[in-house]
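Here the sequence shown is numbered in the numbering used here, starting from 1 and rising by one per residue. Just so it is clear, CB atoms sit at the ideal spot from N, CA and C, and this is done for glycine as well. In this text, all values refer to a predicted model and were calculated from it rather than measured experimentally.
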Amino acid sequence: MPGINSVSPAVHAVQSSSPAPATYEVLWTVQKDTLPEALPTPDEIEAATNIIKQGRGRCVSRVGRRYVVKFGSQVDRIEGENMHWVRENAREVPVPKVFAIYQREVTPHTKITYIIMEDVGGQPLDALWDSLDLEQRKDVVIQIRQAVTHLRATNNMGDFGAYDASELRDDIFWTDDPDTQYRGRFTNETAFTQAVIDKYMASCGNSDPHRAQYYRRVLPTVLQGTGRPFFTHNDLRRENIMVRDNGDIAIKGWATAGWFPTYWEYASAMHVCDFTDDWHEYLGKILNQEYPNQSKWISKLRTDLQSQRFAK
C-alpha cells in the first residue's frame, strides 16, 4: 500500500493450547522506530479487559497504554487501509493513525482481523450531543464539514469503487455470491446506478415484481449526482465522531468508505438518523447541500434489501 512501510507478510507464532501453535500474519505495519510502544500480539489483544464496544463478530478494546484495537471475524482489513489512505491523501482529515493490521485463521473459513490504531481519547459525539450548547455544536459541525470538504476534494481517476479501485463494501451491494459484479468497481455513475438497480432486482424482483419494475423505470431519473465520484466516509453517524477534551474531533468507522456519487454521504447519514433530536438539521450543513430525493429512495432500497436478507 503506497506511503506505508509494509513488511513482507510476516508469520508469527502465537501461544496456544492446541498441539501446534497458532500463527498470525502481519499484513502491514509502520516502521518499528515510529511505534509509541511495542505492538501487542493477538493473544494480548483478546485478553485485554478494557472493552470499549463489543458486537457480533467485532470488538474494540484499549490495549496497553497507547493503542485501541478493532478486531473480529466481521472486521475487514480495508477499514484500516482506508484510514491510512485518508491520512496520506487528505491530511487535513482527523483520522486515528493505524500502526498495523494482522490476520489469523481460526478455521478454514474464518479469519480474525486486527486493526491496531492510536487511542485518540475523547467521547463519541452521540454521548455528548445533549450536553453541548449551541456554540459547541456549531464548532463540532464546522470541524466535521471541513473534514468532509477535504475528503471530497481528493483526486480520483473517475471510477466508483474502493480507494484501491477494488469493489465497494457498502451493504446495499451485499451478496453471498463471491463472483457478483454488483459491488463494482464502476467506470461511471450510470453503471453505478444500474448496479444498484440490478442488485435490487436480483434480491427483491421475484417477491415484489411490480415494485421492482417500477424502481427499474424511475430510479435512473432520481439517483442522479454530478457524474463524478467523491471519496465518502459512508457512515457519518455521531458515534463515529470522537470529541477530545480540547474540542478537537477524530473520525473513525471507515469500513465502507469509498468513491461514491455526490449525494451518497448525505443519503447514508440520513438513513441512520433516528430523528430523536436536531442532528438531521446539521447534516445538510456538513455537506453544504441536502439531497432529500436521493436520500429517501436510497433509504427505502436499504430497508427493502435488509428485510429480504433477513427473510431468507
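Cβ shell of residue i (< 8 Å), same chain only, five flanking positions each side left out
| i | result |
| --- | --- |
| I52 | V60, S61, R62, V68 |
| I172 | V196, K199, I298, L301, R302, L305 |
| V222 | N293, Q294, W297 |
Identified DSSP bridge partners for residue i
| i | result |
| --- | --- |
| F192 | Partner(s): none; F192 has no beta bridge. |
| Q181 | Bridge partners of Q181: none, in fact. |
| T232 | G258 |
| F160 | F186 |
| G55 | R58 |
| A250 | M242 |
| F71 | C59, Y114 |
| V272 | Partner(s): none; V272 has no beta bridge. |
| Q123 | V243 |
Cβ neighbours of residue i in the same chain (closer than 7 Å, five flanking residues each side left out)
| i | result |
| --- | --- |
| E167 | G161, R183, G184, R185 |
| R238 | P124, L125, D126, W129, W279 |
| E44 | V63 |
Nearest-angstrom Cβ-Cβ length linking residue i and residue j, presumed shorter than 8 Å
| i | j | result |
| --- | --- | --- |
| N240 | I251 | 6 Å |
| F99 | R152 | With 8 Å as the limit, F99 and R152 do not qualify as a contact, their Cβ atoms being about 27 Å apart. |
| R104 | P42 | 6 Å |
Residue environment, residue i, which counts as buried when at least 16 other CB atoms sit within 10 Å
| i | result |
| --- | --- |
| A269 | buried |
| F275 | exposed |
| Y214 | exposed |
| G55 | exposed |
| Q31 | exposed |
| P292 | exposed |
| I298 | buried |
| L287 | buried |
| P209 | exposed |
| F260 | buried |
| V106 | exposed |
Beta carbon proximity, residue i to chain C, threshold 8 Å
| i | result |
| --- | --- |
| E118 | Annotation note: the requested chain C is absent from the structure, which comprises a single protein chain. |
Span of the beta strand (DSSP E), counted from its first residue to its last, around residue i
| i | result |
| --- | --- |
| I241 | 241–243 |
| S61 | 58–63 |
Own chain partners of residue i with C-beta closer than 6 Å, once the 5 adjacent residues on each side are dropped
| i | result |
| --- | --- |
| I144 | I286 |
| Q308 | S203, C204 |
Range covered by the alpha helix (DSSP H) that runs through residue i
| i | result |
| --- | --- |
| Y282 | 279–287 |
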